[in-house]
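What follows is a single structure, written as structure tokens, with notes after it.
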Ligand code: PMT
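In my numbering, the protein residues as written are 84 to 483.
Structure follows, in structure tokens:
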């Protein structure tokens with residue numbers, strides 16, 4: 084599955100709220116990801132941001148009113164509605180949500196929405212009290228039942244100074260929702276998938292630990308791709324700085340033992356496991372309860388083996404499909420196949436982590452997928468999102 088946004092027509096509706104300025108960042112990112120964007124603004128949105136901003140970003144005119152939306156002989160709101168693969172309203176005010184729920188079409192944005200065959204997705208942004216009002220929540224419920232999409236607002240400090248729910252969702256989250264709605268391949272629907280990601284921290288004392296350079300990008304990309312394709316995902320993550328994928332159930336863990344206990348609690352109810360985490364093989368035998376003070380002598384730490392989570396899953400598996408990852412610096416094939424056999428896996432992705440270009444920390448990866456009883460499929464260098472989809476394509480081909 085390629086970049087879902089490439090070549091897609093996204094109609095962006097901007098309504099009047101302070102978060103309208105964030106729509107500029109959204110527009111720019113969508114265009115960088117290969118989407119074509121046209122913008123409709125309500126009159127109040129133009130009081131917050133000048134249409135010229137969006138005209139420059141999209142290299143398209145900005146559509147402002149029903150009678151000025153006509154390109155040639157066409158009816159403006161109809162041609163915009165036909166053009167769009169998805170209509171995203173960000174920020175969406177309580178007013179536009181109320182109009183949609185009541186079927187009111189009194190400006191270009193609401194009229195286009197009513198003429199739209201493609202899906203409409205709202206990203207609400209407003210004061211927290213407004214957001215909590217029963218009338219608004221009822222409207223959202225009704226619209227969801229009718230098939231409209233909603234991107235939940237974030238929590239935090241709002242422009243009015245209040246704290247609470249109502250902040251426009253982060254642009255990265257909005258983009259994930261857009262990708263979700265545009266992705267037609269839902270071949271993982273009904274599957275429960277467990278994904279592990281990131282490094283583990285093995286404490287030496289309260290302020291020091293042993294770890295590795297895993298950023299979590301590979302595991303989070305696998306989790307996001309499974310979600311795009313309709314799976315229900317439990318993401319067990321070691322410490323990372325990443326924003327979790329939308330709709331994932333996230334379990335934050337720290338050490339290998341913590342990850343082991345969490346994974347085993349979930350394992351029985353899943354159908355598939357992607358063990359992408361870089362789990363430390365060793366931990367310090369005795370963690371110091373106080374900060375270790377330096378002396379002139381060397382410091383000797385005794386390390387003991389951590390449990391091998393994947394090996395344990397290999398012993399316990401019944402229906403579950405197990406996909407391991409092997410991070411190798413040399414002799415990739417032998418090492419990866421050895422782990423496939425000894426851990427009783429169905430697939431293992433061997434990736435070379437000796438170069439800076441791919442593997443740990445990078446946005447890119449390349450590797451070879453080894454398949455039990457079948458051979459291997461090389462996957463060339465690509466971004467981790469596409470890489471994740473390629474692995475899943477190969478797995479799904481063989482299990483469905
Ligand atoms: O997070 P990124 O920066 O995006 O980097 C991605 C990655 C390089 C970490 C990822 O692609 C990867 O290779 N993950 C596996 C890293 C690893 O621990 O490899 P390994 O060869 O040591 O282990 C083999 C398998 O056993 C892995 O699936 C691992 O999760 C699992 N394992 C290992 C040790 C252990 N104690 N328990 C385990 O379950």
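Note that beta-carbon positions come from the ideal geometry of N, C-alpha and C, so glycine has one too.
query: In whole angstroms, what is the alpha-carbon distance linking residue 455 and residue 404?
result: Taking the first residue of the chain shown as position 1, residue 455 is located at position 372. Taking the first residue of the chain shown as position 1, residue 404 is located at position 321. Distance between the alpha carbons of residue 455 and residue 404 is about 11 Å.
Three-state secondary structure assigned by DSSP to residue 375: Mapped onto the chain shown, residue 375 falls at position 292. In the three-state scheme derived from DSSP, where H, G and I count as helix and E and B as strand, residue 375 is classed as coil.
message: Spatial neighbours of residue 477 within its chain, please: C-beta separation below 6 Å, excluding the five flanking residues on both sides.
response: Counted from its first residue, the chain shown places residue 477 at position 394. Cβ within range, chain order: 452, 460.
- request: In the DSSP assignment, find the unbroken alpha helix (DSSP H) run with residue 435 in it and report its ends.
  value: Numbered from 1 along the chain shown, position 352 holds the residue referred to as residue 435. Here residue 435 belongs to no alpha helix (DSSP H); instead the beta strand (DSSP E) covers 430-435.
- prompt: Does ligand 1 have even one heavy atom less than 8 Å from the beta-carbon of residue 413?
  reply: Stepping through the chain shown from its first residue, residue 413 is reached at position 330. It does not: the Cβ of residue 413 is nowhere closer than 8 Å to a heavy atom of ligand 1.
task: Can you tell me which of the three DSSP states residue 200 falls into?
output: Working through the chain shown from its first residue, we reach residue 200 at position 117. Under the three-state reduction of DSSP, residue 200 is assigned to coil, being neither helix nor strand.
Simplified DSSP state of residue 229, which is helix, strand or coil: Here residue 229 refers to the residue found at position 146 when the chain shown is read from its first residue. Reduced to three states, the DSSP call for residue 229 is coil.
field: 9 Å Cβ cutoff met for residue 106 and residue 97
entry: Locating residue 106 in the chain shown gives position 23, where the first residue counts as 1. Locating residue 97 in the chain shown gives position 14, where the first residue counts as 1. For residue 106 and residue 97, yes; Cβs fall inside 9 Å.
C-beta neighbour in chain B for residue 88, strict 9 Å: Although the question refers to chain B, the structure presented lacks it and comprises just one protein chain.
- prompt: Identify the residues that DSSP records as bridge partners of residue 205: which are they?
  reply: Taking the first residue of the chain shown as position 1, residue 205 is located at position 122. Partner(s): 172, 233.
task: Verify whether the separation of the beta carbon atoms of residue 321 and residue 282 is less than 9 Å.
output: Counting from 1 along the chain shown, the entry for residue 321 is found at position 238. Counting from 1 along the chain shown, the entry for residue 282 is found at position 199. Judged by beta-carbon spacing, residue 282 lies within the 9 Å limit of residue 321, meaning their Cβ atoms are closer than that value.
- prompt: Among all the DSSP beta bridges, which residues are the ones paired with residue 166?
  reply: Here residue 166 corresponds to residue number 83 of the chain shown, with the count starting at 1. None, per the DSSP bridge assignment.
field: Limits of the alpha helix (DSSP H) - the one that residue 478 falls within
entry: Counting from 1 along the chain shown, the entry for residue 478 is found at position 395. Element bounds for residue 478: 467-482.
- prompt: How many Å lie between residue 259 and residue 291 at the Cα?
  reply: As a working mapping, residue 259 is identified with position 176 in the chain shown. As a working mapping, residue 291 is identified with position 208 in the chain shown. Between the alpha carbons of residue 259 and residue 291 lies a gap of roughly 35 Å.
Endpoints, the beta strand (DSSP E) within which residue 357 is located: By 1-based counting over the chain shown, the position of residue 357 is 274. Where residue 357 is concerned, the enclosing beta strand (DSSP E) stretches over 355-358.
message: Can you look up residue 410 in the DSSP assignment and give me helix, strand or coil?
response: Here residue 410 corresponds to residue number 327 of the chain shown, with the count starting at 1. Residue 410 falls in the strand class under three-state DSSP.
Beta-carbon spacing of residue 232, residue 203 below 9 Å: Position 149 of the chain shown holds residue 232. Position 120 of the chain shown holds residue 203. Cβ distance < 9 Å, so residue 232 and residue 203 count as in contact.
task: Consider the C-beta atom of residue 364 and the heavy atoms of ligand 1; say whether any pair is separated by less than 8 Å.
output: Here residue 364 is taken as the residue at index 281 of the chain shown, counted from 1. For ligand 1, at least one heavy atom lies less than 8 Å from the Cβ of residue 364.
query: Counting pairs of Cβ atoms below 8 Å between the stretch 385-401 and the stretch 411-420, do you hit three or more?
result: Taking a contact to require three or more Cβ pairs closer than 8 Å, the stretch 385-401 and the stretch 411-420 do not qualify as touching.
- prompt: What does a CB cutoff of less than 8 Å around residue 147 pick up in its chain, not counting 5 residues either side in sequence?
  reply: One-based indexing of the chain shown puts residue 147 at position 64. The answer, listed in chain order, is 123, 124, 126, 129, 134, 191.
message: Measuring alpha carbon to alpha carbon, tell me which residue in 247, 277, 443 is nearest residue 213.
response: Stepping through the chain shown from its first residue, residue 213 is reached at position 130. The residue among 247, 277, 443 with its C-alpha nearest the C-alpha of residue 213 is 247.
- prompt: Within 8 Å: the Cβ of residue 418 and any heavy atom of ligand 1?
  reply: Start at 1 with the first residue of the chain shown, and residue 418 comes out as number 335. Indeed, a heavy atom of ligand 1 lies less than 8 Å from the Cβ.
message: Taking the straight line between their C-alpha atoms, what separation do you get for residue 142 and residue 114?
response: What you label residue 142 is simply residue 59 of the chain shown in a count that begins at 1. What you label residue 114 is simply residue 31 of the chain shown in a count that begins at 1. Each residue's alpha carbon lies about 10 Å from the other.
message: Please tell me whether, using a cut-off of 8 Å, the distance from the CB of residue 300 to the nearest non-hydrogen atom of ligand 1 is below it.
response: Position 217 of the chain shown, counted from the first residue, corresponds to residue 300. Flag set: Cβ of residue 300 near ligand 1.
- request: Please classify residue 346: does DSSP put it in a helix, a strand, or coil?
  value: Position 263 of the chain shown holds residue 346. If DSSP states are grouped into helix, strand and coil, residue 346 belongs with the helices.
- prompt: Apart from the five residues just before and just after residue 384, which ones in its own chain have a Cβ nearer than 6 Å to its Cβ?
  reply: Here residue 384 refers to the residue found at position 301 of the chain shown. The beta carbon of residue 384 sits closer than 6 Å to the beta carbons of 367 from its chain, once the five residues preceding and following it are set aside; these are given in chain order.
task: Please name the residue or residues paired with residue 124 in a DSSP beta bridge.
output: Position 41 of the chain shown, counted from the start, is the residue given in the question as residue 124. The beta-bridge partner set that DSSP reports for residue 124 consists of 97.
- prompt: Just the Cα atoms here: how many angstroms apart are residue 311 and residue 268?
  reply: For the purposes of this step, residue 311 is taken as residue 228 along the chain shown, with counting starting at 1. For the purposes of this step, residue 268 is taken as residue 185 along the chain shown, with counting starting at 1. Cα-Cα distance, rounded: 8 Å.
query: Which of helix, strand or coil does DSSP assign to residue 271?
result: Within the chain shown, numbered from 1, the residue matching residue 271 stands at position 188. Here residue 271 sits in coil by DSSP.
message: Less than 6 Å between C-beta atoms, sequence neighbours within five positions excluded: which residues of the same chain meet that for residue 497?
response: The structure shown has nothing for residue 497, since the chain only spans 84 to 483.
message: Looking at residue 301: is its Cβ nearer than 9 Å to the Cβ of residue 280?
response: Position 218 of the chain shown, counting from 1, holds the residue named residue 301. Position 197 of the chain shown, counting from 1, holds the residue named residue 280. Using a Cβ distance threshold of 9 Å, residue 301 and residue 280 count as a contacting pair.
Reference residue 305; option with closest CA among 95, 100, 472, 483: By one-based count along the chain shown, residue 305 stands at place 222. Nearest option by C-alpha distance: 472.
- prompt: Regarding residue 430 and ligand 1, is the C-beta to nearest heavy atom distance less than 8 Å?
  reply: The count along the chain shown starts at 1 and reaches residue 430 at position 347. Flag unset: Cβ of residue 430 not near ligand 1.
- request: In the DSSP assignment, find the alpha helix (DSSP H) that holds residue 215 and state where it starts and stops.
  value: Working through the chain shown from its first residue, we reach residue 215 at position 132. Per DSSP, residue 215 belongs to the alpha helix (DSSP H) from 211-215.
- prompt: Which one of 482, 177, 229 has the shortest CA to CA distance from residue 200?
  reply: Taking the first residue of the chain shown as 1, we reach residue 200 at position 117. Considering only 482, 177, 229, the residue with the shortest C-alpha distance to residue 200 is 229.
- prompt: Hey, would you say residue 357 sits closer than 9 Å to residue 482, going by beta carbons?
  reply: Taking the chain shown and counting its residues from 1, the one referred to as residue 357 is at position 274. Taking the chain shown and counting its residues from 1, the one referred to as residue 482 is at position 399. No, these two residues do not count as a Cβ contact at 9 Å.
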